[in-house]
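Worksheet: the structure to be examined is printed underneath.
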Amino acid sequence: MSARILIVEDEEALCALLEYNLKEQGFDVRLCTNGEDAMNALKDEQPDLIILDWMLPHVSGIEICRQVRARPESRDVPIIMLTARGDEDDRIRGLDTGADDYMLKPFSMTELIARVRAVLRRARPTLAGDIATFGDIILDRETRRVRRADKEIHVGPTEFRLLDCLMQRPGRVYSREQLLDLVWGRDVYVEARTVDVHVGRLRKALNEGFDKDPIRTVRAAGYSLDETYANVSAG
Numbered sequence: 016m017s018a019r020i021l022i023v024e025d026e027e028a029l030c031a032l033l034e035y036n037l038k039e040q041g042f043d044v045r046l047c048t049n050g051e052d053a054m055n056a057l058k059d060e061q062p063d064l065i066i067l068d069w070m071l072p073h074v075s076g077i078e079i080c081r082q083v084r085a086r087p088e089s090r091d092v093p094i095i096m097l098t099a100r101g102d103e104d105d106r107i108r109g110l111d112t113g114a115d116d117y118m119l120k121p122f123s124m125t126e127l128i129a130r131v132r133a134v135l136r137r138a139r140p141t142l143a144g145d146i147a148t149f150g151d152i153i154l155d156r157e158t159r160r161v162r163r164a165d166k167e168i169h170v171g172p173t174e175f176r177l178l179d180c181l182m183q184r185p186g187r188v189y190s191r192e193q194l195l196d197l198v199w200g201r202d203v204y205v206e207a208r209t210v211d212v213h214v215g216r217l218r219k220a221l222n223e224g225f226d227k228d229p230i231r232t233v234r235a236a237g238y239s240l241d242e243t244y245a246n247v248s249a250g
């Protein structure tokens, strides 16, 4: 499961360059060319990192940064600001507003990618490496293996992606529609109830031989990984 990056940039050529290079590195990229679209995108889906231009049509990057930090659901999303404003006062203002990092234009794409990875390592450690853990569950992205305690868990490719998604943000409740976008992709049409089938398969594989179920079903809302494991019989 790759990190989801929202790029907010109004320079078409730079936007295309950022998208190409980040996708080449395996990131899931979404583009917005103005601040208004960015705020609407953030209502639909919370990214793992935002690359944010300072000077934008409609809503400035500074204002977007301020609003992101003011919302409880997004205040922890890391932000890298891009700008041609090199004055020390501007850099301090950007960082004080809540940016995690600050890059001056023009910049090296290699350096930007390195900074993206560094920020993700600090803010989203389960996304930055090949190993993700939750309780007694270990997911290895490189070998595509899952273990619980000392037992290897055999899951299909869809169940693996589903577990990877849930492990990135334990406790967060994902709706069926969100899981469809993240696991199957936005361009694939799949019935929402298909999610229930694959969650059922994942739950069966994870819980065989164990008496605690790490997957919580939230009625009329979706699914999450829960720190307080429920009894398997309770679902």
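If you want our numbering, it's the position in the sequence shown, counting the first as 1, plus 15. Yeah, the Cβ is synthetic: ideal placement off N, Cα and C, and Gly gets one too. Bear in mind the structure is a predicted one, so any value in this text is a computation, not a measurement.
Would you report the Cα separation of residue i and residue j, rounded to the nearest angstrom?
i	j	result
D63	E206	26 Å
K166	R208	29 Å
L217	T232	13 Å
R162	I65	32 Å
P229	L29	43 Å
W199	T125	30 Å
D155	P93	24 Å
A138	F42	16 Å
R81	R19	20 Å
N55	I79	11 Å
So for residue i, helix, strand or coil by DSSP?
i	result
F42	coil
M70	coil
F149	strand
G76	helix
N246	strand
G237	strand
Y204	coil
E223	coil
K120	coil
T112	helix
V188	coil
V161	strand
V92	coil
T48	coil
Report yes if the C-beta distance between residue i and residue j is below 8 Å; otherwise report no.
i	j	result
I128	D115	no
E60	L46	no
V23	D91	no
P172	F149	no
A53	L21	yes
V214	L195	no
Y5	V188	Given a span of 16 to 250 for the chain in the structure shown, any question on residue 5 remains unanswerable.
V83	L57	yes
For residue i, count neighbouring C-beta atoms within 10 Å of its own C-beta (all shown protein chains included) and say buried if the count is 16 or more, exposed if not.
i	result
I146	exposed
G50	buried
G76	buried
L119	exposed
I107	exposed
Are the stretch 158 to 178 and the stretch 212 to 232 in contact at 8 Å, needing three or more beta carbon pairs? Contact between the stretch 158 to 178 and the stretch 212 to 232 is established, with three or more Cβ pairs separated by less than 8 Å.
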